[in-house]
Structure formats: structure tokens, C-alpha cells
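First residue of the sequence shown: 681, per this note's numbering; consecutive thereafter.
Ideal Cβ placement from N, Cα and C applies to all residues, glycine included.
Quick notes on the structure that follows.
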Amino acid sequence: MLQRNAALLNGNRLRLGLFGANCSSGRTYAALPERWEASWENNLRLAQMGDEIGIECMVPIARWRGYGGVSNPNGSSFESIAWACGLLAATRRLHVFCTVHVPLHHPLVAAKQMATGDHIGRGRLGVNIVCGWNEDEFQMFGVTRKEHDARYAQGEEWWSIVKRIWGGAGRFDYEGAYYQLHGVEGAPRPFGNADPLMMNAGSSETGRWFAIRHSDLHFDAVETPEASTARIAETKRLARERGREIQVWTPVGIVCRPTQKEADDYLQYVVDHADWGAIGYLADLHAKEGRRPTDPQRLVHSGHNSLARRALARGSYCVVGDPDAITREFARLETAGLDGLAINFADYLKELPYFAAEVLPRLERLGLRRAARPPQEEES
């Protein structure tokens, strides 16, 4: 039987996850004819492919509406807990996360749903906690978004309730600022009576400290690997000082082609099809959140890399090139201290096989990953 959490605690120096495939267009904000169709059949094929080649996990995006524009990125999306349950039932070693908005999911309901999924996957469910999100989507639920630090204060209460239910300590009452609960109990506990791994993607200092105190995996943004090295090391050190080990991951957009020119040409093709309506809507959301807005007109003049990041990977770090270049860049990210990369492609199913055939063996030769055994061998 597989050891619990084996997929993410397997000793690979650089772990890999597939990010955003539960949503139409994935993380690509471009009106491409071949943009990702997030059908159940496509998600199932992708999960089983990832399972076979040794990808450690799949991480969904939680969305309730699209981003508009011509292509309306994420306009169609699978609810992530149900999505995770389905994929866990159809795979053998792949870790599958659900992404949960704290203000929209009652902790008792979520604890029960996630424990169910964890039993379906025999200990392979992961939990991605999102303490905030955007006001437009919250208004669909009649929920008012809280002030920034209050979101994480609610998240602290939410997670402590879930953990207490999972701990099986018996019936309890809870009196907090955000939840007042009486006679709480819940069974079954997660598979093997051990908690699922938890990730959090807060990039603010409040969000990072939430991750340091609670998360097993922390998603952090990377501008360049070298500029992130000190922050990554500090996150791990602060967690270790509190008796915890934490992995640091970052999302990465990938274009891998046989030659650098082919990769660059495809990236330019993505940029040429950038969905300005969707990118503009994202800029408006950033402005509402008090963050520096992503002005589409400024992007036009700010250099190819900045625009490419928005179009290919919603602003995340991008790695573009032939297999050797991709491998070198992955090694650079690992040297910066990153434990894992959550990757996206414009078309996951079309592009992952070439990436797996050409990049994964190169990473193995560098000692960043071990060759994947067939899933059935790991179960024996």
C-alpha cells in the first residue's frame, strides 16, 4: 500500500504539479483556437497521464465566474472538491488538491467533504486554503470580503476547527470571532487518521506568516530565482524555528519546443492573441484590492516578458525554450531553494507528452528527479 503523502514526500529535489486544468483556458489569458478545454474527459486523461509519468500532484483553481474578454478565461470550471474526488478515484499515486475559499465553505461541511475525498484517494487528497479572493465573486454569494488581515484571522479559526474535527477528540464547542459552534463532531477522520497536506498561496507578509504557522506547502511568487532566494530561505528557517518543515513552490508557465526559435515563436503567438478584455478585468480586480494595477496599456510598453507572463500564465514566472533550456531554468529555480513547480501549458494534453519525454529524463540526469516507477509497482 502507498505510504500516505508519498507523492509529495518522495525525495525528489524538484517536485512538479499540474496547475489550473480544472478551469477553461487554464492559466492562459489568450484567445487561442487551441486554448484548454476543461472537459471531464480531458481532466481525467491529464490526471492519468500525470500519474503514469510521475508528476506529484494536480492543483485546481477555485473559480465561480470567468474573466470576460473574448475567451472568458475560467468561465467554465469544475468545483474543486468534487473534481478532486473524481480524479483520486481514477489514479493510483497522484496527489490531488482541492482549493477551498474560507469565507464560502463552512468548516464542518468542508471537513466532511475533504475527509471523504481523502478516503477515496487513500491518503492522497491535499487542501489548498484561500482566505480571501475577489469581491465580484463573493458578491455572487452575498458575502462581503473582509479587510486583509481579518481574512487570515478567519482562516486561522477555520483551519483550527477542521483540524480539531479531523483529530477525533470527540464532541466540542467553539467560540471564536468568526465561528460559534456547539456540539461539533465529525467522522470518519481522514485516511489513516492523519491530516491531508495543506498549502497556502498568500504572498503578503500576513499570508506568508499564515503559511509558516500552518502550511506544509507555500506557494510564493517569483520575479527571478535569484531575487527570491533569500525570501525562500527565510520562510523555511522561520517554519523550522517553530518545529515545522515547509516546502516552497511557485507557479510556472511552460512553452517547450524542439528548438528555442520554435518556443519563442509560439510564445509570440500567445502574446499576439492576448485577451485584453480578460487582462483588463484582472487589472480592475487588482485596483479594487489596493494592489498595483496591471494596466494593459502599460504592459504593451513594459517589455515582452511582462506581457508574456500575463498572457501565458496569469503573471507567473515563465520558462520558454528547448528541452535543454527548460532543464537549465528548472535547475536555476531549484538552486534558489524552490521545492516544487506548479506548471501550466496553453494546452496541457498536447504539450505534456513532449515535456515528459524530453525534460523529465534530463532532470533525472541532473539528479533533480528520480525515474518514475509504474504506479502498480509502487503499490506492491
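For this session: For Asn-873, count neighbouring Cβ atoms within 10 angstroms of its own Cβ and tell me buried if that reaches 16, exposed if not.
Result: By the neighbour-count definition (other C-beta atoms within 10 Å, threshold 16), Asn-873 is an exposed residue.
Exercise. Are the CB atoms of Val-928 and Asp-853 nearer to each other than 8 angstroms?
Worked result: For the pair Val-928 and Asp-853, the CB atoms are not nearer than the 8 angstroms cut-off.
Problem set entry | Burial state of His-898, where buried means 16 or more other Cβ atoms lie within 10 Å | Only buried fits His-898, as 16 or more other CB atoms lie within 10 angstroms of its CB.
Problem set entry | For Leu-774 and Leu-1063, the rounded distance between their alpha carbons | This structure does not reach residue 1063, given that the chain is present from 681 up to 1060, and the question cannot be answered.
Exercise. Can you name, in chain order, every residue of its own chain whose Cβ lies under 6 angstroms from the Cβ of His-862, other than the five neighbours on each side?
Worked result: The answer, listed in chain order, is Asp-853.
For this session: Pull up the DSSP beta-bridge partners for His-898, would you.
Result: DSSP lists Asn-880, Val-928 as partners of His-898.
Exercise. DSSP state of His-786, grouped into three classes?
Worked result: Coil.
For this session: Out of Ile-934, Gly-748, Ala-686, Asn-692, point me to the one whose CA is closest to Val-776's CA.
Result: The alpha carbon of Val-776 has as its nearest neighbour, out of Ile-934, Gly-748, Ala-686, Asn-692, the alpha carbon of Ala-686.
For this session: Decide yes or no for the touch test of the region 840-852 against the region 760-772: beta carbon pairs closer than 8 angstroms, at least 3 of them.
Result: Segments in contact, no.
For this session: Compute the distance between the beta-carbons of Leu-788 and Phe-821, then report whether it is under 8 angstroms.
Result: Result no, Cβ atoms of Leu-788 and Phe-821 do not sit closer than 8 angstroms.
Problem set entry | Neighbourhood of Glu-865 by C-beta, 8 angstroms cutoff - its chain only, sequence neighbours within 5 removed | The answer, listed in chain order, is Ile-845, Gly-850, Arg-851, Phe-852.
Exercise. So is Arg-888 buried or exposed if we call it buried at 16+ other beta carbons inside 10 Å?
Worked result: Only buried fits Arg-888, as 16 or more other CB atoms lie within 10 angstroms of its CB.
For this session: Output yes or no for whether 8 angstroms exceeds the beta carbon distance between Thr-1007 and Leu-1043.
Result: Remark: C-beta atoms of Thr-1007 and Leu-1043 approach each other more closely than 8 angstroms.
For this session: Consult DSSP for Gly-866 and reduce its assignment to one of helix, strand or coil.
Result: Three-state result, Gly-866: coil.
Exercise. Are Asn-692 and Arg-1053 touching if we call contact CB-CB under 8 angstroms?
Worked result: Between Asn-692 and Arg-1053, the gap from beta carbon to beta carbon reaches 8 angstroms or more.
For this session: Could you tell me the distance, in whole angstroms, from the CA atom of Asn-1024 to the CA atom of Gly-847?
Result: Distance from the CA of Asn-1024 to the CA of Gly-847, rounded to the nearest whole angstrom, comes to 35 angstroms.
For this session: Under 8 angstroms by Cβ, that's how I've got Cys-936 and Tyr-1034 pegged, so tell me the actual separation to the nearest angstrom.
Result: Separation of the CB atoms of Cys-936 and Tyr-1034 is rounded to 6 angstroms, and the pair is thereby assigned contact status at 8 angstroms.
For this session: Below 8 angstroms CB to CB, which residues in the same chain sit around Arg-725 once its five sequence neighbours on both sides are set aside?
Result: So the qualifying residues of the chain are Leu-1029.
For this session: Determine the burial state of Glu-906: buried for a count of at least 16 other Cβ atoms within 10 Å of its Cβ, exposed for fewer.
Result: With fewer than 16 other beta carbons inside 10 angstroms of its own, Glu-906 counts as exposed.
Exercise. Is DSSP giving Thr-779 helix, strand or coil here?
Worked result: Thr-779 carries a strand assignment under DSSP once its states are collapsed to helix, strand and coil.
Exercise. DSSP state of Leu-694, grouped into three classes?
Worked result: DSSP, reduced to helix, strand and coil, places Leu-694 outside both helices and strands of the structure shown, so it counts as coil.
Problem set entry | Close-in-space but distant-in-sequence residues of the same chain around Thr-939 (CB under 8 angstroms, 5 per side omitted) | Within the same chain, Asp-1002 come within 8 angstroms of Thr-939 by CB-CB distance, once the 5 residues on both sides are set aside.
For this session: Taking Thr-886 as the reference, give the member of Arg-917, Asn-752, His-828, Ile-761 with the closest Cα.
Result: Considering only Arg-917, Asn-752, His-828, Ile-761, the residue with the shortest C-alpha distance to Thr-886 is His-828.
Exercise. Taking all protein chains shown into account, do 16 or more other C-beta atoms lie within 10 angstroms of the C-beta of Asp-952, making it buried, or fewer, making it exposed?
Worked result: It counts as exposed.
For this session: Return the Cβ separation of Arg-716 and Ser-704 in integer angstroms, given the expectation that the two are a contact with Cβ distance under 8 angstroms.
Result: At residue 716 the sequence reads Trp, which differs from the Arg that was named. With 8 angstroms as the limit, Trp-716 and Ser-704 qualify as a contact, their Cβ atoms being about 7 angstroms apart.
Exercise. Are Val-950 and Ala-991 touching if we call contact CB-CB under 8 angstroms?
Worked result: Yes, the pair counts as a contact, with Cβ atoms nearer than the cut-off.
Exercise. Got a sec? Which residues, its chain only, sit under 7 angstroms from Trp-743 by beta carbon, not counting five neighbours each side?
Worked result: Sequence inspection shows Arg at residue 743; the Trp mentioned does not correspond to that position. The answer, listed in chain order, is Cys-703, Asn-754, Ser-757.
Problem set entry | Whole-angstrom distance between Ala-891 and His-781, CA atom to CA atom | Here the C-alpha atom of His-781 lies approximately 15 angstroms from the C-alpha atom of Ala-891.
For this session: Just the C-alpha distance for Leu-962 and Glu-1031, rounded to the nearest angstrom, thanks.
Result: For Leu-962 and Glu-1031, the distance between alpha carbons rounds to 26 angstroms.
For this session: Could you spell out where the alpha helix (DSSP H) holding Val-1039 opens and where it closes?
Result: For Val-1039, the uninterrupted alpha helix (DSSP H) segment begins and ends at 1028-1045.
For this session: Count the other C-beta atoms from every protein chain shown that fall within 10 angstroms of the C-beta of Arg-922, then say buried if there are 16 or more, exposed otherwise.
Result: By the neighbour-count rule (16 or more Cβ atoms within 10 Å), Arg-922 is not buried but exposed.
For this session: Report buried or exposed for Lys-916, applying the criterion of at least 16 other Cβ atoms within 10 angstroms of its Cβ.
Result: The residue is buried, with at least 16 neighbouring Cβ atoms inside 10 Å.
Exercise. Hey, out of Gly-957, Asp-955, Ile-934, whose CA is closest to Tyr-946's CA?
Worked result: For the set Gly-957, Asp-955, Ile-934, the Cα lying nearest the Cα of Tyr-946 is the one of Ile-934.
For this session: Would you mind stating whether Leu-647 and Leu-767 have Cβ atoms separated by less than 8 angstroms?
Result: This structure gives no information on residue 647, because the portion of the chain shown stretches from 681 to 1060.
Exercise. What are the boundary residues of the beta strand (DSSP E) that Ala-1052 is part of?
Worked result: Per DSSP, Ala-1052 belongs to no beta strand (DSSP E) and is neither H nor E.
Problem set entry | Nearest-angstrom Cα separation, counted from Leu-696 out to Pro-931 | If you take the alpha carbons of Pro-931 and Leu-696, they lie about 10 angstroms apart.
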